[in-house]
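Protein chains in written order, with the numbering used here: chain D, 9 to 197; chain Z, 9 to 197.
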C-alpha cells in the first residue's frame with residue numbers, strides 16, 4: 009500500500025509523521041489522503057504493519073521458549089531497520105488485526121505451557137521493550153584514568169566487555185526465558 | 009549548570025538538540041557556547057547527567073537483587089520524565105564519571121555475588137533497555153469482533169490484562185532477577 013510505504017519513508021527522513029507532509033509526498037491533496045484513512049493514528053498503524061510485514065516469515069511456533077526467542081529476534085530486526093518509528097508506534101494503539109496476529113502463536117504457546125492470561129500482556133511488553141532497546145543499541149563506553157582509579161567494577165565491565173548486538177540479543181533471550189520459566193515453576197509449585 | 013538545564017528543556021520541546029538553537033535559548037553566540045563545551049556530544053552527556061541527578065538519592069546497595077531492581081526503577085522514573093532524551097542518550101557515549109558512578113554499586117554487588125566481568129555490560133544493557141521501554145509505555149490494545157473471533161489467545165490477554173506502568177515495572181524486575189539468578193546458579197553449578 010502506497011500510503012504505508014510513504015509514511016515509513018517520511019518517518020525515516022524526518023523522525024515524525026505530519027499528515028500534510030505525507031499528502032505532499034504522495035502528490036495528493038490532504039483531503040484526498042483523508043478519503044483513504046481516518047487520520048494519523050491509522051497511518052501509524054498501517055506503517056507499523058508494513059514494517060512488520062517486511063520481516064521474514066517464520067514456521068509455526070509450538071514451544072513457548074522458541075516462540076519468545078523468535079518474537080524477540082523478529083521485533084529487534086524490524087525495529088533496528090526503522091528506529092525512528094519507535095516513539096510513534098509505542099505511543100499509538102495497535103488495531104490492525106494482521107499486526108496482532110504476530111503475537112497470537114506465542115500467546116497460544118504460553119497459555120498451553122501454563123502461563124495465565126493475566127501475564128500475557130506483561131510478557132509481550134517485556135519482549136517488546138527489550139527489542140526496542142536492542143534496536144537502539146547501548147551507548148559506547150568511555151574510559152579515563154580517573155574512571156579506572158575510582159570505579160573498579162565499571163572498569164572491569166569495560167575491560168572484559170563482550171557486548172555486541174548479537175551477544176546482547178542472545179543474553180536478553182536467555183535471561184527472559186529463564187526468568188519466565190522460574191515464574192511458571194512457582195505458579196505450579 | 010545552565011547549559012545542561014537549557015539542553016534538557018530544548019530536547020523536551022523540540023525532540024532534538026541543535027547547538028545553534030541551544031546558544032539562542034541561552035542568549036549567547038554559538039562561539040561563546042563552544043568555549044564552555046567541546047560539542048554536541050558533551051552537551052548530551054551533561055544533559056543525561058542532569059536528568060539522572062534529579063533522581064532520588066538512594067541508600068548504599070549491598071545485595072545484587074536489590075541493586076538490579078532499584079537501578080531499573082531509578083532509570084525508569086528518570087526516563088519517563090524525559091522521554092524525548094532517549095534517542096539522544098542511547099546514541100551517545102557516556103563519559104561523565106558521575107553518570108557512570110550510578111552503575112558502580114550494582115556492578116560491585118554483581119561481582120561480589122559471583123557474576124563474571126564479561127556479563128556486567130550485558131546486564132546493564134538488559135536493565136537499561138527495560139527502563140527505556142517502560143518509560144515509553146506499551147501501546148493501548150484494540151478489540152474488534154473479528155479479533156475476538158480469530159485471535160483467541162490475544163483476546164484472553166486483553167480481557168484479563170493486568171498491565172499498568174507499575175505492574176509492568178514489577179514484572180520486569182521479577183523476570184530479570186529470576187533470569188539472572190538462574191544464570192548465576194548454572195555458572196556455579
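Virtual Cβ for every residue (Gly too), placed ideally from N, Cα, C.
Give a yes or no on whether the C-beta atoms belonging to residue i and residue j are separated by under 8 Å.
i: residue 35/Z; j: residue 140/D; result: no
i: residue 164/Z; j: residue 125/D; result: yes
i: residue 83/D; j: residue 51/D; result: no
i: residue 54/D; j: residue 109/D; result: no
i: residue 135/Z; j: residue 69/Z; result: no
i: residue 101/Z; j: residue 150/D; result: yes
i: residue 191/Z; j: residue 186/D; result: yes
i: residue 137/D; j: residue 137/Z; result: yes
i: residue 27/D; j: residue 41/D; result: yes
Taking the alpha carbon of residue i as the reference point, which residue from the options has its own alpha carbon closest?
i: residue 79/D; options: 48/D, 173/D, 184/D; result: 184/D
i: residue 146/Z; options: 22/D, 17/D, 116/D, 95/D; result: 95/D
i: residue 117/D; options: 104/D, 131/D, 106/D; result: 131/D
i: residue 156/D; options: 112/Z, 22/Z, 12/Z, 43/Z; result: 112/Z
i: residue 90/D; options: 169/D, 73/D, 57/D; result: 57/D
i: residue 169/Z; options: 158/Z, 188/Z, 148/Z, 48/Z; result: 148/Z
i: residue 154/D; options: 63/Z, 106/Z, 189/Z; result: 106/Z
i: residue 97/D; options: 172/D, 85/D, 59/D; result: 59/D
i: residue 115/D; options: 43/Z, 161/Z, 92/Z; result: 161/Z
i: residue 25/D; options: 187/D, 93/D, 151/D; result: 93/D
i: residue 121/Z; options: 138/Z, 11/Z, 195/Z, 85/Z; result: 195/Z
i: residue 144/D; options: 174/Z, 104/Z, 143/Z, 99/Z; result: 99/Z
i: residue 12/D; options: 45/D, 64/D, 175/D, 167/D; result: 45/D
i: residue 175/D; options: 173/Z, 73/Z, 127/Z; result: 127/Z
i: residue 19/D; options: 37/D, 42/D, 48/D, 72/D; result: 48/D
i: residue 86/Z; options: 42/Z, 61/Z, 103/Z; result: 61/Z
i: residue 188/Z; options: 73/Z, 39/Z, 40/Z; result: 73/Z
i: residue 104/Z; options: 88/D, 64/D, 158/D; result: 158/D
i: residue 119/Z; options: 39/Z, 71/Z, 166/Z, 33/Z; result: 71/Z
i: residue 173/D; options: 88/D, 193/D, 38/D, 32/D; result: 88/D
For residue i, list the residues DSSP reports as bridge partners.
i: residue 149/D; result: 102/Z
Going along the stretch 13 to 33 of chain Z in order, which residues come within less than 9 Å of chain D, judged by CB to CB distance? Flagged, chain order: 23, 24.
Taking a Cβ distance cut-off of 7 Å, strictly less, list which residues of the stretch 134 to 148 of chain Z are near chain D, in chain order. So the list reads 134, 136, 137, 138, 140, 141, 142, 144, 145, 146, 147, 148, given in the order they occur along the chain.
Check whether the stretch 120 to 136 of chain D and the stretch 173 to 184 of chain Z are in contact - that is, three or more C-beta pairs closer than 8 Å. With the cut-off at 8 Å, the stretch 120 to 136 of chain D and the stretch 173 to 184 of chain Z touch.
Looking at chain D, which residues of the stretch 164 to 176 of chain Z have a Cβ within less than 8 Å of any of its Cβ atoms? For the stretch 164 to 176 of chain Z, which is checked against every Cβ of chain D, the residues closer than 8 Å are 164, 165, 166, 167, 168, 169, 170, 171, 175, 176.
Tell me which residues of the stretch 117 to 131 of chain D have at least one Cβ-Cβ distance to chain Z shorter than 7 Å, keeping chain order. Within the stretch 117 to 131 of chain D, the residues whose Cβ lies closer than 7 Å to some Cβ of chain Z are 119, 125, 126, 128, 129, 130, listed in chain order.
Which of the residues in the stretch 183 to 195 of chain D, read from start to end, lie with their CB under 7 Å from any CB of chain Z? From the stretch 183 to 195 of chain D, only 183, 184, 186, 187, 188, 190, 191 have a Cβ closer than 7 Å to chain Z.
Using Cβ-Cβ distances below 9 Å, what residues of the stretch 89 to 110 of chain Z are close to chain D? Within the stretch 89 to 110 of chain Z, the qualifying residues are 91, 92, 94, 95, 97, 98, 99, 100, 101, 102, 103, 104, 105, 108, 109.
Identify each residue in the stretch 68 to 87 of chain D for which the Cβ-Cβ distance to at least one residue of chain Z is less than 7 Å, and report them in chain order. Of all residues in the stretch 68 to 87 of chain D, none is placed with a Cβ closer than 7 Å to any Cβ belonging to chain Z.
Where the stretch 30 to 60 of chain D meets chain Z: residues whose CB sits under 8 Å from a CB there: So nothing in the stretch comes that close.
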